[in-house]
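Student:
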Amino acid sequence: MAPPRSAHKRALVRIAQFALFSALVAALVHAAIQHGLRRVNTGGFGAINRVVQGRAAADLIITGSSRALVHYDPRILSTTTGLSALNLGRNGSHTGLQLAVLRTQVRHNPAPRLIIHNLDLHSLATPTEIHDPGQYLPYLDEPAIYAEIRSVHPGAWTWRHVPLYGHAVADPRLHWLEGLARLTGIERTETLIAGFEPRAWSWTGEFDRFAAKASAGYKVARDDRGRDQLAALLQLCREGGIDIILVFSPEYAAVRPLQLNRAALIAEMSALATTARVPLWDFSDSPLCSDRAFFYNSQHLNAAGAEAFSRELAHRLVTAGYTAPRFTSQP
Amino acid sequence: MLFNSLEFAGFFPVVCAVYFALPHSRRTSFLLLASAVFYMAFVPAYILILGTTIAIDYAAALRIESARGRARTFWLAASIAATCLILFTFKYYTFFTSTFVGLATFAGWQPSPPALDLILPVGLSFHTFQSLSYVIEVHRGRQRAERDWHVFASYVLFFPQLVAGPIERPQNLLDQFRARREFDPILLTSGLKRMAWGFFKKLVIADRLALHVNDVYADPAAHSGPQLAVATVAFAYQIYCDFSGYSDIAVGAARILGFRLMENFDAPYASTSTGEFWRRWHISLSTWFRDYVYVPLGGGRAGPWRRTRNLLVTFALSGLWHGAAWTFVVWGLLNGVYVAAGHLSREWRERFWQSAGLNPTGTPRRALMWATTFLLTCLAWIFFRAASLSDATEILSRLGTGWNEMRITTENCGPRQLAVGIAAVVFLETAQRLHRGAPLTVTVGRLPLLPRWSAYAGFAVLVGLAGVHGGSRFIYFQF
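Sequence lines, in order, name chains S and Y. Quick note: this note's numbering has the first sequence finishing at residue 331, numbered continuously throughout. Quick note: this note's numbering has the second sequence finishing at residue 810, numbered continuously throughout.
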């Protein structure tokens, strides 16, 4: 026998009530996760939290992608030059996002005196998606970060405004667990040293397998927007009175023959630097580049390589006159 | 249209609302239309293929029913041949021609058959088999030929189970399109719970474990024994949760509309023999092959060796049904060997257990049998998942290497993701075990309103947060 119509109505009202209840639960869980993530003190969240909380002031700031993150040891740079140093390298980030993080840093902290911006062959490209967008979800109220993420993912407004939606669809690495853990007082061990992540890894063989498959070589993408973002980063420094050095940190030499448009890309970056009257230090000829013992793959130095490179860079900074007290954030 | 898509989240409530708002006489036609829209969301033109299958089997069944003597068999054979020709053209043509070319080249001849470059229509094997079961049942006199083409087309096209089953028999589903049904809140909540459970299996377990499995199986040579072993066990759960998750969503969606679909899985990894596994895994296909291939071949009636032959033929065909590649054939044959060996060694095994002092219902014996069954099943899954036979042998040869390092995570599946996947599997197995006593939903359903709603909402939040929402396809769609 079919249920009476009043039962239908009651059921539909119940469903609506349950939907509202679920939305409330979602909003509460969302708030809890965001609250927890913005209070994380370690790892990548800890690094950005210090930036947005105004605790990331330094004379020398290093920006860039994973190559910046694992190549530049602020301790060595600081000891040698006398400048306080902080690494803001972000894993998998493109130039637009590196610029957004830098804008956020400048917004909440005293401007640095010197920026070392690390380049790679992807510095002139805009990606079709953000790498690991979950790491930026707690910071979507930061105008620069939000604008850059929306430029790549126009639908990212849902991540910001629909409770839990961003954590559900844009966080496959489950960063939200870190936020909930923080609420219970659990934090993972700090792996960063002033934002620098030394990786004591041996050669993974990943490049050898790649090289075997791509023996004919490959072209690295570039686009005008990517170039404009690098130009915008240079302009931000010029307008803020911040000295900037573009640095092409070491790549494993064997990768170069495979990069078919390498020369053209580096020439384009050099032209940008020349136009902006900014030095570009290319470490492609460093002796480090031909020694596999310093790398774990073709693009990334291991901890030993990072230490050697940081020393080489620090001495060049000293030689070029980037030392305290001329360069200091203290008024 | 994928179940795990925003399109379906909009499509399904609208279909339900319109379906129950319409007078009974219009509902089947509306379901047919909705099913066509659902199917055409994949590749619109392929509705013509489905339409051809429906037309052939609709007409053939009427002919079979009205014919007498050998004419009945003729119409059955014609229907099977025509339906299978479509399946062959779209699914097996490339496989058989490439195998033929390989053999011919080996013999010193170099033929060049034309390449068709066709895309396999989603779920072709499923609706082909469902349609075939209808004509066979009509031929056997166990089902009346359907006069109303709306009803028959709806039976083949019914969207909840159209692309990945369960492969329904006409006796169960066909008449349900005629039954008068009203909106039932109890079926609605029960169906929604079943769908939520399916989404949990698909999004939280299958798609999460897929991150690990895809990394490892894409490049087996680059991964160590522990990674290969973890990926293989992960694949066992990935494919189970992907497919049974689809079935749960299908059963739940059909239930909301007032339809009852058959159960397709029954905790298969709790099996203590491979024979039992096949009674619990993809039940609608296993029973299809049992009824329409194994039994007609003679089944187990003509002695152990004929039974072995029949099992191997049936399982080889089952493997080929899954995919047009030798890896699937080997997977099917391997399972056939397991089941046949289980029959042939029954007495020997019984003597072994008795000599070891292990009684049939004791935990040690059952645990050993369970572990052996699970291990054998996982070994067979290697062939199912590997991209080629050489990859499968590479994986088997590397399984024993690298155990001194014990690295089990991969680039896209770090410790946190793997831990969540494993925790979800433990939750699944615990829930399935509890289900044997009292279903989890019954236990939760007895709670007072606030804790009950909190449990349901919490589960939905868990599925949302711990799931992978990349809109990945269900594995069995490709079959």
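Every residue, glycine too, gets a C-beta built ideally from N, C-alpha and C.
Taking 8 angstroms as the threshold (C-beta atoms), are Val487 (chain Y) and Thr384 (chain Y) in contact?
Tutor: Your numbering for residue 384 (chain Y) matches position 53 in the second sequence. Your numbering for residue 487 (chain Y) matches position 156 in the second sequence. Closer than 8 angstroms, so yes.
Student: What are the residues of the segment 12-46 of chain S that lie near chain Y, defined by any Cβ-Cβ distance shorter than 7 angstroms?
Tutor: Residues passing the 7 angstroms Cβ filter: Phe18, Phe21, Ser22, Val25, Ala26, Val29.
Student: Report the neighbours of Trp176 (chain S) on chain Y: residues whose CB is nearer than 8 angstroms to its CB, in chain order.
Tutor: Residue 176 (chain S) sits at position 176 when you count from the first residue of the first sequence. The contacting residues are Leu796.
Student: By Cβ distance below 6 angstroms, which residues in the same chain neighbour Gly179 (chain S) in space, the five residues on each side in sequence not counted?
Tutor: Mapped onto the first sequence, residue 179 (chain S) falls at position 179. Ile33, Gly36, Leu37.
Student: How far does the beta strand (DSSP E) with Asp243 (chain S) in it reach, from first residue to last?
Tutor: Within the first sequence, the letter at position 243 stands for residue 243 (chain S). Element bounds for Asp243 (chain S): 243-248.
Student: Between Gly789 (chain Y) and chain S, is the shortest Cβ-Cβ distance under 8 angstroms, so that the two count as touching?
Tutor: Here residue 789 (chain Y) corresponds to residue number 458 of the second sequence, with the count starting at 1. Taking Cβ atoms only, chain S reaches closer than 8 angstroms to Gly789 (chain Y), which makes this a yes.
Student: Arg10 (chain S) to Pro516 (chain Y), Cα distance in whole Å?
Tutor: Taking the first sequence and counting its residues from 1, the one referred to as residue 10 (chain S) is at position 10. Taking the second sequence and counting its residues from 1, the one referred to as residue 516 (chain Y) is at position 185. Roughly 9 angstroms between the two C-alpha positions.
Student: Mapping DSSP to helix, strand and coil, what is Pro117 (chain S)?
Tutor: On the first sequence, position 117 is the one that residue 117 (chain S) refers to. Before going further, note that residue 117 (chain S) is His rather than Pro in the sequence given. In the structure shown, His117 (chain S) sits in a strand (DSSP, three-state: E or B).
Student: Thinking just about the alpha-carbon of each residue, which of Y:Ala601, Y:Tyr424, Y:Val799 is nearest to the one in Ala762 (chain Y)?
Tutor: Residue mapping note: residue 762 (chain Y) aligns to position 431 of the second sequence, counting from 1. Out of Y:Ala601, Y:Tyr424, Y:Val799, Y:Ala601 has the C-alpha closest to the C-alpha of Ala762 (chain Y).
Student: Go through its chain and collect everything with a Cβ distance to Leu260 (chain S)'s Cβ below 8 angstroms, but skip five positions before and after it.
Tutor: Counting from 1 along the first sequence, the entry for residue 260 (chain S) is found at position 260. Closer than 8 angstroms at the Cβ level, and outside the excluded window around Leu260 (chain S), lie Gly217, Tyr218, Lys219.
Student: Would you say Leu164 (chain S) faces chain Y, with C-beta separation under 8 angstroms as the test?
Tutor: As a first step, residue 164 (chain S) is located in the first sequence; it is residue number 164 there, counting from the start. Leu164 (chain S) counts as touching chain Y.
Student: Is the distance from the Cβ of Ala748 (chain Y) to the Cβ of Arg539 (chain Y) below 8 angstroms?
Tutor: What you label residue 748 (chain Y) is simply residue 417 of the second sequence in a count that begins at 1. What you label residue 539 (chain Y) is simply residue 208 of the second sequence in a count that begins at 1. In the sequence on display, residue 748 (chain Y) carries Gln and not Ala. Going by C-beta atoms, Gln748 (chain Y) is nearer than 8 angstroms to Arg539 (chain Y).
Student: Tell me which same chain residues have a C-beta within less than 6 angstroms of the C-beta of Gly589 (chain Y), skipping the five on either side of it?
Tutor: Counting from one through the second sequence, the residue named residue 589 (chain Y) turns up at place 258. Same-chain partners within the cutoff: Arg512.
Student: When the Cβ atoms of the segment 490-510 of chain Y are set against those of the segment 700-720 of chain Y, are three or more pairs found closer than 8 angstroms?
Tutor: Judged by Cβ distances under 8 angstroms, the segment 490-510 of chain Y makes no contact with the segment 700-720 of chain Y, as fewer than three pairs qualify.
Student: According to a CB-to-CB cut-off of less than 9 angstroms, which residues of the segment 503-524 of chain Y neighbour chain S?
Tutor: From the segment 503-524 of chain Y, only Arg511, Arg512, Glu513, Phe514, Asp515, Pro516, Ile517, Leu519, Thr520, Leu523 have a Cβ closer than 9 angstroms to chain S.
Student: Keeping to the same chain, check which residues put their C-beta closer than 8 angstroms to that of Pro257 (chain S); ignore five residues upstream and five downstream.
Tutor: Taking the first sequence and counting its residues from 1, one reaches residue 257 (chain S) at position 257. The residues are Gly217.
Student: Could you tell me which residues DSSP pairs with Gln259 (chain S) in its beta bridges?
Tutor: As a working note, residue 259 (chain S) is residue 259 in the first sequence. S:Tyr218.
Student: In angstroms, rounded to a whole number, what distance separates the CA positions of Thr315 (chain Y) and Asp285 (chain S)?
Tutor: Since the displayed chain Y opens at 332 and closes at 810, residue 315 (chain Y) lies outside it and no answer follows.
Student: Report the residue ranges of all alpha helix (DSSP H) runs contained in full by the segment 402-467 of chain Y; include only those spanning at least 4 residues, in chain order.
Tutor: If we require 4 residues or more, the alpha helix (DSSP H) runs fully inside the segment 402-467 of chain Y come out as 424-437.
Student: Taking only beta-carbon positions, decide if Arg209 (chain S) is within less than 8 angstroms of chain Y.
Tutor: Taking the first sequence and counting its residues from 1, the one referred to as residue 209 (chain S) is at position 209. So yes, Arg209 (chain S) belongs to the interface.
Student: Tell me the DSSP secondary structure of Asn302 (chain S) in three-state form.
Tutor: Along the first sequence, one-based indexing puts residue 302 (chain S) at 302. Three-state DSSP puts Asn302 (chain S) in coil, outside helix and strand.
Student: Starting from Trp176 (chain S), trace the alpha helix (DSSP H) both ways and give me its first and last residue.
Tutor: The count along the first sequence starts at 1 and reaches residue 176 (chain S) at position 176. Counting along the chain, the alpha helix (DSSP H) containing Trp176 (chain S) begins and ends at 176-183.
Student: Relative to the C-alpha of Gly667 (chain Y), which residue among Y:Leu707, Y:Gln569, Y:Leu542, Y:Thr420 is closest?
Tutor: What you label residue 667 (chain Y) is simply residue 336 of the second sequence in a count that begins at 1. With distances taken between Cα atoms, Gly667 (chain Y) lies closest to Y:Leu707.
Student: So which residues of chain Y does Arg173 (chain S) contact, with C-beta pairs closer than 8 angstroms?
Tutor: Residue mapping note: residue 173 (chain S) aligns to position 173 of the first sequence, counting from 1. By Cβ distance, chain Y contributes Gly745, Arg747, Gln748.
Student: Does the beta carbon of Val544 (chain Y) sit closer than 8 angstroms to a beta carbon anywhere in chain S?
Tutor: Residue 544 (chain Y) sits at position 213 when you count from the first residue of the second sequence. False, the Cβ-Cβ gap to chain S never drops below 8 angstroms.
Student: Would you mind telling me which residues of chain Y sit closer than 8 angstroms to Ala168 (chain S), beta carbon to beta carbon, in chain order?
Tutor: Locating residue 168 (chain S) in the first sequence gives position 168, where the first residue counts as 1. Neighbours of Ala168 (chain S) on chain Y, chain order: Gly795, Leu796, Gly798, His800.
Student: To the nearest angstrom, report how far apart Tyr252 (chain S) and Ile149 (chain S) are at their CA atoms.
Tutor: Here residue 252 (chain S) is taken as the residue at index 252 of the first sequence, counted from 1. Here residue 149 (chain S) is taken as the residue at index 149 of the first sequence, counted from 1. Distance between the alpha carbons of Tyr252 (chain S) and Ile149 (chain S): 31 angstroms.
Student: Determine the closest residue to Leu328 (chain Y) out of Y:His800, Y:Ala788, Y:Lys422, with distance taken between C-alpha atoms.
Tutor: This structure does not reach residue 328 (chain Y), given that chain Y is present from 332 up to 810, and the question cannot be answered.
Student: Please list, in chain order, the residues of the segment 768-785 of chain Y that have any C-beta partner in chain S closer than 8 angstroms.
Tutor: Cβ contacts with chain S: Trp784, Ser785.
Student: Hey, His153 (chain S) and Ile130 (chain S) are a contact pair by Cβ (cut 8 angstroms); roughly how many whole angstroms apart?
Tutor: Here residue 153 (chain S) corresponds to residue number 153 of the first sequence, with the count starting at 1. Here residue 130 (chain S) corresponds to residue number 130 of the first sequence, with the count starting at 1. Confirmed, Cβ separation roughly 6 angstroms.
Student: Using a Cβ-Cβ cutoff of less than 7 angstroms, which residues in the same chain neighbour Ala584 (chain Y) once the five nearest sequence positions on both sides are dropped?
Tutor: Your numbering for residue 584 (chain Y) matches position 253 in the second sequence. If we look at Ala584 (chain Y) and ignore the five residues flanking it on each side, its Cβ neighbours are Phe343, Pro491, Gly522, Met526.
Student: Compare the C-beta of Ala7 (chain S) against all C-beta atoms of chain B and say whether one is closer than 8 angstroms.
Tutor: Absent here is chain B; the protein component of the structure consists of chains S and Y.
Student: Along chain S, in chain order, which residues have C-beta atoms closer than 7 angstroms to that of Val751 (chain Y)?
Tutor: As a working mapping, residue 751 (chain Y) is identified with position 420 in the second sequence. Here the neighbours are Leu174.
Student: Cβ of Ser464 (chain Y) within 8 angstroms of Cβ of Trp712 (chain Y)?
Tutor: Locating residue 464 (chain Y) in the second sequence gives position 133, where the first residue counts as 1. Locating residue 712 (chain Y) in the second sequence gives position 381, where the first residue counts as 1. Contact flag unset, no.
Student: Can you give me the start and stop residues for the beta strand (DSSP E) that Asn87 (chain S) sits inside?
Tutor: Here residue 87 (chain S) corresponds to residue number 87 of the first sequence, with the count starting at 1. Element bounds for Asn87 (chain S): 85-87.
Student: Go to Asp282 (chain S), then tell me how far its alpha helix (DSSP H) extends in each direction, as first and last residue.
Tutor: On the first sequence, residue 282 (chain S) is found 282 positions in, with the first residue counted as 1. Unbroken run through Asp282 (chain S) is the beta strand (DSSP E), 280-282; no alpha helix (DSSP H).
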